[in-house]
Amino acid sequence: MTTVDAFMQQVEAKNPGETEFLQAVREVTESVMPVVERNPAYRNARILERMTEPERVIMFRVPWVDDQGQVQINRGFRIEMSSDADDAKTLVKNGCLCISEGANMPTTPEGTDVFREARVLYGPGKAANAGGVATSGLEMAQNASHMRWTREEVDNRLHIIMRSIHEDCVKYGKQGDFIDYVVGANVAGFVKVADAMLDQGIV
0 MTTVDAFMQQ
10 VEAKNPGETE
20 FLQAVREVTE
30 SVMPVVERNP
40 AYRNARILER
50 MTEPERVIMF
60 RVPWVDDQGQ
70 VQINRGFRIE
80 MSSDADDAKT
90 LVKNGCLCIS
100 EGANMPTTPE
110 GTDVFREARV
120 LYGPGKAANA
130 GGVATSGLEM
140 AQNASHMRWT
150 REEVDNRLHI
160 IMRSIHEDCV
170 KYGKQGDFID
180 YVVGANVAGF
190 VKVADAMLDQ
200 GIV
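For the sequence shown, numbering that gives the first Met the number 0 assigns the number 0 to the initial residue and increments by one for each residue that follows.
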């Protein structure tokens with residue numbers, strides 16, 4: 000049994016039936032386990048175990064106003080996994096060179112494997128789609144500083160953030176003449192959070 004499989008058994012035992020959560024944990028763990036194994040500080044502080052213990056905040060209520068001015072209440076939901084392995088194989092067969100996801104986990108793990116095995120330049124949503132989260136962060140920074148930035152200033156800052164994400168993906172995902180953006184994004188994100196957790200101590 001691999002180290003990843005052994006780790007996932009522990010996570011699955013604590014979180015049975017949490018399909019999306021377990022998928023996300025496995026995808027990241029497969030990329031970052033070599034980094035954890037090489038870094039005694041991460042192992043000793045049990046960083047990966049702490050990261051994968053979810054802090055549960057569940058919000059279902061989505062209030063909105065319809066065209067007649069009536070308040071409606073729905074539960075939030077999303078459609079998941081719109082691209083599977085067959086879709087990915089079709090894209091590869093048709094000569095697709097690049098996939099840049101614009102959503103959260105829109106491709107099944109099997110579809111992602113097809114792209115990676117075919118060495119398609121594949122930008123996972125956590126990196127390629129990070130602009131929305133980055134812009135929210137910029138808005139919070141702007142509000143906290145009581146400043147007003149122009150559209151151009153926000154756009155320039157967003158370009159800097161997205162370039163930095165790309166550089167981190169290259170740094171951690173370069174494999175010979177190929178860049179595995181899945182590994183790069185996972186490891187870059189993990190290292191950033193893991194180092195911050197080490198700095199904070201046990202909290």
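Glycine included, every Cβ here is placed at the ideal spot set by N, Cα and C. Values in this document were obtained by computation on a predicted structure and should not be read as measured data.
- By alpha-carbon distance to F177, the top candidate from T106, F20, A117 is A117.
- Rounded to the nearest whole angstrom, the C-alpha separation of R115 and V61 is 37 Å.
- Taking 8 Å as the cut-off, the beta carbon of P108 is found no closer than this to the beta carbon of V181.
- Secondary structure note for I201: it is in no beta strand (DSSP E), with a DSSP letter that is neither H nor E.
- Unbroken alpha helix (DSSP H) runs of no fewer than 4 residues, entirely contained in the region 59-111, are found at 84-92, following chain order.
- The alpha-carbon of T149 is positioned some 20 Å away from that of R162.
- Between the C-alpha atoms of M7 and A127 there is a straight-line separation of about 26 Å.
- Contact annotation, T51 with V10: C-beta distance approximately 5 Å; criterion of less than 8 Å satisfied.
- By DSSP's assignment, Q174 forms a beta bridge with F177.
- Exposed is the label assigned to A5, since fewer than 16 other Cβ atoms lie within 10 Å of its Cβ.
- Annotation: G122 is outside any alpha helix (DSSP H); the continuous beta strand (DSSP E) that includes it extends over 120-122.
- With a minimum length of 3 residues, there is no unbroken run of beta strand (DSSP E) contained wholly in the region 18-62.
- The three-state reading of DSSP puts H165 in helix, counting H, G and I together.
- H158 sits in a helix when the DSSP states are folded into three classes.
- Relative to S82, the option among V113, N73, E54 whose CA is nearest is V113.
- W63 and Q69 have their C-alpha atoms roughly 8 Å apart.
- Only buried fits V27, as 16 or more other CB atoms lie within 10 angstroms of its CB.
- By the neighbour-count criterion, in which a residue is buried when 16 or more other Cβ atoms sit within 10 angstroms of its Cβ, T106 is buried.
- For G136, the uninterrupted alpha helix (DSSP H) segment begins and ends at 130-143.
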